[in-house]
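Protein chains in written order, with the numbering used here: chain A, 55 to 165; chain B, 55 to 165. Have a look at the structure below, then the notes.
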DNA sequence: GTTATATAGAACCAATCAGTTATAAAAAGA
DNA sequence: TCTTTTTATAACTGATTGGTTCTATATAAC
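Spelled out as structure tokens, the structure:
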């Protein structure tokens, strides 16, 4: 994941309304009106947030009749998680313990 | 980690200059002039970025003579990582495979 | 074709952001 | 005390953000 993508993803996550939208979409797809009902702001405001999330690749949208359903796309979170993960050694106080060292090197990491 | 902290941390990470500063500080502490030399912007601009990082808890600063040394504080990254981690099941395509299921449940997770 | 529903876009606004230059303040050294 | 070095702050600017209201567009239903 490159710097431009990290900019977009972290910026998208830096707003609690957008994080709330993602949390809701983790449960199921939803249209804009359903999402608007969860917050105290107008429908166009939510539409703007959805645009930010879409440009970061965090949601995709499909037409369903007159509605457009938003769907969580978590792949960019993997990239963000990997970036943060490079600092793991700096926060894991147990980093130098032998068992952790072995655990990190014996298994190759999975997602 | 609460919503306010997540706002501050993700916002701090949503800028490549600030991510660059963190990367540099992962190597060792540094003063503002050293950091300024790494980027094509003025010293006050870097000072502002440091302020954002400090308010997010991502760095701490100590006086050392006339200098103020910035030091990486990775703890907030742990909180951000945990938040993102709640979406791991949505990006890990192997999530439903038996070996992964076992691996996730047999070991309690460490940091 | 008309109407209703769902959604995005336009225009606007106040606040914040990210940079600049110039300057003030703090510590050290002569 | 005067000077130097390091750093933060002040004042400014242009761009962006996050919200608003109003309206246009697209699809479906009648």
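The C-beta atom is built at its ideal place from N, Cα and C for all residues, glycine as well.
Using a Cβ distance threshold of 8 Å, residue 68/B and residue 65/A count as a contacting pair. In the DSSP assignment, residue 116/B falls within the beta strand (DSSP E) that extends over 113 to 118. Listed in chain order, the non-local C-beta contacts of residue 59/A below 6 Å within the same chain number zero, local neighbours out to five positions each way being set aside. Inter-residue distance for residue 101/A and residue 127/A is about 17 Å (C-alpha atoms, whole angstroms).
When the alpha-carbon of residue 141/A is set against those of 110/B, 123/B, 81/B, the nearest one is in 81/B.
Here residue 82/A carries a coil assignment [DSSP, helix/strand/coil].
Distances from the CA of residue 123/A to each of 86/A, 135/A, 95/A were compared; the closest alpha carbon is that of 86/A.
Separation of residue 55/A and residue 133/A (C-alpha to C-alpha, rounded to the nearest whole angstrom) is 6 Å.
In this model, residue 125/B and residue 88/A are separated by some 44 Å (Cα to Cα). Restricting attention to 146/A, 145/A, 135/A, the CA atom closest to the CA of residue 144/B is found in 135/A.
Linking residue 62/A to residue 109/A through their CA atoms gives a straight-line distance of about 7 Å.
Inter-residue distance for residue 74/A and residue 116/A is about 20 Å (C-alpha atoms, whole angstroms). If the five residues before and after residue 72/B are omitted, its C-beta is found closer than 7 Å to the C-beta atoms of 66, 103, 106, 107, all from its own chain and listed in chain order. With fewer than 16 other CB atoms across the displayed protein chains lying within 10 angstroms of its CB, residue 91/B is exposed. For residue 104/A, the uninterrupted alpha helix (DSSP H) run begins and ends at 97 to 109, by DSSP. The contact set of residue 68/B on chain A, defined by CB atoms closer than 9 Å, consists of 60, 61, 62, 63, 64, 65, 66, 67, 68 in chain order. Counting the other Cβ atoms within 10 Å of the Cβ of residue 84/B gives 16 or more, which makes it buried. For the set 119/A, 146/A, 120/A, the Cα lying nearest the Cα of residue 130/B is the one of 146/A.
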